[in-house]
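Trainee: First the structure, then my questions, so here it is.
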Amino acid sequence: MKRAPKDTAASARKINRRALVLGAAQVGIVGALGLRMRSMQIEQADQYRLLADENRINIHLLPPPRGLIFDTNGIPLGSNEQNYRIVMVREDAGNVEDVLARLSRLVPLTPEAIEKALEELSRSAFVPVTIADRLTWEDVARVAVNAPALPGVIAEVGLSRSYPMKEDMAHVVGYVGPVSDYDLGRIDDNDPLLRIPRFQIGKTGVENKMERSLRGSAGSRRIEVNAVGRVMRELDRQEGEAGANLQLSVDARLQNYLQVRLNGESASAVVIDLDNGDLRAIGSAPTFDPNKFVRGISVADWRGLNEDKYLPLSAKAVQGAYPPGSTFKMVTALAALENGDIDPEETVSCRGHLDVSDVRFHCWKRGGHGNINLHESLKQSCDVYYYDLGQRVGIDKIAEMARKLGIGVKHDVPLSAVSSGLAPDKAWKAEVRGEEWRIGDSVNASIGQGYVLASPLQLAIMTARIATGRSVTPRLVRAIDGVEQPSGAGEPLGVNENYLRRVRQAMYAVSNHNRGTAFSTRIVEDDLRMAGKTGTSQVRRIAAAERAAGVTRNEDLPWERRDHALFVSFAPFDNPKYAVAVVVEHGGGGSVAAAPIARDIMLQALYDGTPPLSAYPSGDQARIAEQQNRLELREIVAPPSSDRA
Amino acid sequence: MSYLEYQAKYIPSGFRKLLHLNWAIVILLSAVAATGFLMLYSVAGGSMDPWVRPQVARFGLGMALMLGIALVPIWFWRNMAALAYIFAIILLILVEFIGVTRGGSQRWLDIGFMVLQPSEVMKISLVMLLAAYYDWLPINKTSHLLWVLAPVALTLIPVYLVLSQPDLGTALLLLLGGGTVMFLAGVHWAYFASVIAAGVGAIVAVIRSQGTSWQILKDYQYDRINTFLDPTANPLAEGYHITQAKIALGSGGWTGRGFMQGTQSRLNFLPEKHTDFIFTTLAEEFGFVGAFTLLVLYTLIVLFTVTSALQNKDRFASLVTLGIAMTFFLYFAVNMSMVMGLAPVVGVPLPLVSYGGSAMLVLLAGFGLVQSAHVHRPH
């Protein structure tokens, strides 16, 4: 068909007009695309770059090594042990069941563990799954030798907490365990480390109280992952800060002796250094192996520890609060002397009992001590003398003196459930009991019975303060990362030195005069003479009927109702170095059950090792030799001094 | 049909025609294809396989096809228009029966050395047919209802076939391609106004039908539309593609993260990174500079093609050239809009860059027509 030229020209004009309309629309669209590019790639680039990085970068926390804990000589108490575990990556393993079957012939694997591993392996092809944990070096070596037959199986080394002193330090160092939901709810700490599954934190003792120092800070590792989560490479790594190393004041060898010596009793003992308040040993019996808790304690072991009536889990040296009994008499005496209520030479008549507002209070000596002054009253532990003193001085002054000497005060030591004891006064009774203070309460309190409660730590501090005249405060952590912590030497107490000397001399007589209550447990080495005070505290009321029937012999009572035996001491008398407090729960008389232990521990501390038999009274030496042979002490070798924390 | 019909003053003959090709377009097309090779090399992690080698081979084949078509006079192709259309329709019907199904759509024919997508062939065939139609139709009848309905029907038949595959993106492109030729040919404005009104009504109907018994589109198509409207609503499922694409694009910044350094593409966060979403890799690795340069290259191709058409006095030649320019424009405009979050994800490749044979061969064949029209233009 042929078209007229005009027609063609008109057609071309029309097409061109419409093409320009379309072209304009296209220019508009291209402009919009260009603007969109500009807006996304230039204006919002940072935002998108961030999103891209969020996509590809995963941050993994690197747990820092936990700080180590050493004793005063640099002997490790809490250390990090290498822990071997075996992990498996599914995509490298090929046939997972085959590899696991082969693996189970080399390392101990329960069917449940295999099942759990299979389930975890099925979740991801390339995330390593822990198959077996806490393997011995031998297990790992076997796996390494058979590596060609075990594709995808890798042996890894981690760190786990270990307590080389085992039972000795359980109540001091404590133990660590995995963070629990309970922990997270209780502690106000947003450290990301706590979100790591099975991250170990201190649960008790120093491990718990010094957690912040020991934990260190988390490092991080930034890794690049692809869309399905496979790790492509490590981008960078920021090492965390290792936890601080702690040096405790405790002497591992003395502590070991203390624990071994207490073994068999439900008892606790504290040794405090009078120069600086260092707790040289602080132990409770029975005890337990903290390593069991780190590994995950078995149900049977847990039940055994929990149901033991001697309460092995309780750190009695600080948690225990006992009526201090006669060891409290120094407090009453000093309160009376300081307030001028009695002259040291003034005598009180003891006829075996004292009637106070129709109630009869007995002296431990049925026949009475006759006329007795301060010195003799402490030496022979006359009760009636203090009944009288207690009424004269009044409870508030006694409580004031008790607190001055450290009883009824919560001491700042990094241990779990530290007891503040109780120095009762009128206000306390009114507030807590809602009752008025009665004179009988003062009489009871004057000999450390009734409401008075003290922990072995407090008794040791009381003795330390009497011995030095300074307000010695306990120090358990000597140094953090080599930085010495403030000494606990303390300021002068503000108690008249003459009165303190009188009391010390009486305590000396307790141990060194043949009528003293602890004469039989004296130290005969002249330079190391010991001063002390016995205590026997009742945990029951002796009914008049019982007294009449004569059922007062401690041995005839069931264990739970027997008296607590206590002994506090310091030595050497001329130049006091240590104070020791011992409490034997339901042990009977303080002079029989507690004083020998305290003397043995004191000698061990003074000689920094096994003392010569010559330090003991000659009549006892054979028995002591036999005892020294019997006690199985741990072989502890101090590292060279350069290794110290 | 006689040679003199065009009243041509000078038409080159033989291989001298090669000298009269629109070489600017050839060079621009090669530059775009080279960009494609570079990006395919990058997304393969620095390897010629599996994508670059076949893509280069197809480009070579496509260029040969383009030159072959260019050397044949344009009036021959006008006479072939109906045949090409019928051929494409047959292919589309064959797809219904023996097509290869991928990802829920039956769009491809396995023809031995490659897998052909007949709907791509149809894009060019339809433009050819409608251009020939308006070349044949007396101009004064252009806007008569009867003569308007005929090309509408010719457009809707392939649109229906493609929709049933289903392939919403190609169907829309066909519709727009057909409509462009009709618009250029001079069909009255009112027709387009009413179609647009009807289209808006249809969109409302489509959206309303979701979840009812007369639901018009497939669920996945609704998902894509909803995802376009709010990609963050479901970032890990349907919204994932578009969200990751935008992250890749945006994180490129001014100059990009460097060749083969794009984290989004290298770490597989990007979907379909060698096909429909390849632009995001380019934008991530070469930044705004790279992305905008590609946009400029595309725009220049369209500009040179349109200029060639405007200089051409022949009705068929200029209509077919403009139709192909528009088709090409729609490809990259829709693809870029889609990966930049300006349009729903409808499965349109980035022309000459995305991996895929059909679109490349068909587009280069289309540019063969453009070259033929250019070489054989009456002055």
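Residue numbers (our numbering), protein chains in the order written: chain Y, 105 to 749; chain G, 770 to 1148. Beta carbons: idealized from backbone N, C-alpha and C, even for Gly.
1. Starting from lysine 637 of chain Y, follow its DSSP beta bridges and name the residues at the other end.
2. Could you list which residues in chain G have their beta carbon closer than 8 Å to that of leucine 339 of chain Y, in chain order?
3. By the 8 Å beta-carbon criterion, what residues does the stretch 1008-1022 of chain G contribute toward chain Y?
4. Indicate whether the contact test is met: 3 or more Cβ pairs, each with one atom in the stretch 1083-1097 of chain G and one in the stretch 1133-1148 of chain G, closer than 8 Å.
5. Is it the case that the Cβ atoms of phenylalanine 1107 of chain G and valine 1115 of chain G are separated by a distance below 8 Å?
6. Could you tell me which uninterrupted beta strand (DSSP E) segments, each at least 3 residues in length, are contained entirely in the stretch 243-317 of chain Y, listed from first to last along the chain?
7. Quick one: which unbroken alpha helix (DSSP H) runs of 4-plus residues sit fully inside the stretch 115-181 of chain Y? Chain order, please.
8. Along chain Y, which residues have their Cβ under 9 Å away from the Cβ of phenylalanine 952 of chain G?
9. How would you call phenylalanine 845 of chain G, buried or exposed, if buried means at least 16 neighbouring beta carbons within 10 angstroms?
10. For a cutoff of 8 Å on Cβ pairs, would you count lysine 413 of chain Y as touching chain G?
11. Does the stretch 1013-1022 of chain G come within contact of the stretch 1045-1060 of chain G, defined as at least 3 CB pairs closer than 8 Å?
12. Where DSSP assigns a beta bridge to proline 596 of chain Y, which residues make up the other side?
13. In the DSSP assignment, find the alpha helix (DSSP H) that holds threonine 949 of chain G and state where it starts and stops.
14. For a contact meaning CB atoms closer than 7 Å, what does threonine 1032 of chain G contact in chain Y?
15. Flag glycine 955 of chain G as yes if its beta-carbon sits less than 8 Å from any beta-carbon of chain Y, otherwise no.
16. Using a beta-carbon distance cut-off of less than 9 Å, what residues from the stretch 315-330 of chain Y approach chain G?
17. Cβ of arginine 496 of chain Y versus every heavy atom of the ligand FMN: is any distance shorter than 7 Å?
18. Just to make sure I have the definition right: I need the residues of chain Y whose C-beta is within less than 7 Å of the C-beta of threonine 1068 of chain G. Which are they?
19. Excluding five sequence neighbours on each side, which residues of the same chain lie with their C-beta closer than 8 Å to the C-beta of aspartate 377 of chain Y?
20. Anything in chain G within Cβ reach of serine 115 of chain Y, meaning under 7 Å, just list it in chain order.
21. Ignore the nearest five residues each way along the sequence and tell me which others in glycine 1153 of chain G's own chain have a CB closer than 7 Å to its CB.
22. Check serine 321 of chain Y in the structure and name its three-state DSSP category.
23. Can you give the Cα-Cα distance for alanine 440 of chain Y and tyrosine 414 of chain Y, rounded to whole angstroms?
24. Please state whether the Cβ-Cβ distance between glycine 347 of chain Y and glycine 171 of chain Y is less than 8 Å.
25. Verify the CB distance criterion: does threonine 949 of chain G have a CB-CB separation below 8 Å to chain Y?
26. Comparing alpha-carbon positions, which option in Y/Asn733, Y/Val643, Y/Ala571, Y/Phe397 lies nearest tyrosine 267 of chain Y?
27. Would you say alanine 149 of chain Y faces chain G, with C-beta separation under 8 Å as the test?
28. Have a look at Y/Pro212, Y/Arg574, Y/Gln495, Y/Glu595 and flag the residue whose alpha-carbon is nearest the alpha-carbon of tryptophan 541 of chain Y.
29. Would you decide whether alanine 549 of chain Y is buried or exposed? Buried here means 16 or more other CB atoms lie within 10 Å of its CB.
30. Using DSSP's beta-bridge definition, name the partner residues of glycine 474 of chain Y.
31. Closest to proline 282 of chain Y by C-alpha separation, out of Y/Glu311, Y/Leu366, Y/Val684, would be which residue?
32. Would you please verify whether the beta carbon of glycine 754 of chain Y is less than 8 Å from any beta carbon of chain G?
33. If we ignore side chains and look at the alpha-carbon of each, how far apart do arginine 748 of chain Y and glycine 1021 of chain G end up?
34. Since arginine 140 of chain Y meets chain G, which of its residues come closer than 7 Å, beta carbon to beta carbon?
35. When we look at the beta-carbon of valine 249 of chain Y and count the other beta-carbons within 10 Å, is it buried (16 or more) or exposed?
36. Under a three-way DSSP split, which group does tryptophan 468 of chain Y fall into?
Mentor: The structure says:
1. In DSSP, lysine 637 of chain Y forms a bridge with Y/Val672.
2. The premise fails here: leucine 339 of chain Y is roughly 11 Å from chain G at the closest Cβ pair, so nothing lies under 8 Å.
3. Gln1013, Lys1015, Ile1016, Ala1017, Leu1018, Gly1019, Ser1020, Gly1021, Gly1022
4. As far as the Cβ criterion goes, the stretch 1083-1097 of chain G touches the stretch 1133-1148 of chain G, which means the pair count is three or higher.
5. Looking at the sequence itself, residue 1107 of chain G is methionine, so the reference to phenylalanine does not match. Yes, they are a contact pair.
6. 257-266, 280-282, 304-306
7. 149-160
8. Arg122, Val125, Leu126
9. exposed
10. no
11. yes
12. Y/Arg574
13. 937-954
14. In chain order, Ala156, Arg160 make up the part of chain Y whose C-beta sits under 7 Å from the C-beta of threonine 1032 of chain G.
15. So yes, glycine 955 of chain G belongs to the interface.
16. Taking a C-beta cut-off of 9 Å against chain G, the contacting residues of the stretch 315-330 of chain Y are Glu328, Val329, Asn330, listed in chain order.
17. As presented, the structure is devoid of all ligands, the ligand FMN included, so that no description of it is given.
18. Val134
19. Ser353, Leu383, Arg384, Lys681, Tyr682
20. Ile908, Arg1084
21. Since the first residue of chain G shown is 770 and the last is 1148, residue 1153 of chain G is not available in this structure.
22. strand
23. 38 Å
24. Yes. Within cutoff.
25. yes
26. Closest by alpha carbon: Y/Phe397.
27. The C-beta of alanine 149 of chain Y comes closer than 8 Å to at least one C-beta of chain G.
28. Y/Gln495
29. buried
30. Y/Cys454
31. For the options Y/Glu311, Y/Leu366, Y/Val684, the alpha carbon positioned closest to that of proline 282 of chain Y is the one of Y/Glu311.
32. It is not possible to answer for residue 754 of chain Y, since the shown part of chain Y is limited to 105 through 749.
33. Unreliable positioning characterises arginine 748 of chain Y in this predicted model, as indicated by a pLDDT of 44, which lies under 50. The coordinate reading is nonetheless provided below. So the two alpha carbons sit approximately 55 Å from each other.
34. Met1109, Leu1111
35. exposed
36. coil
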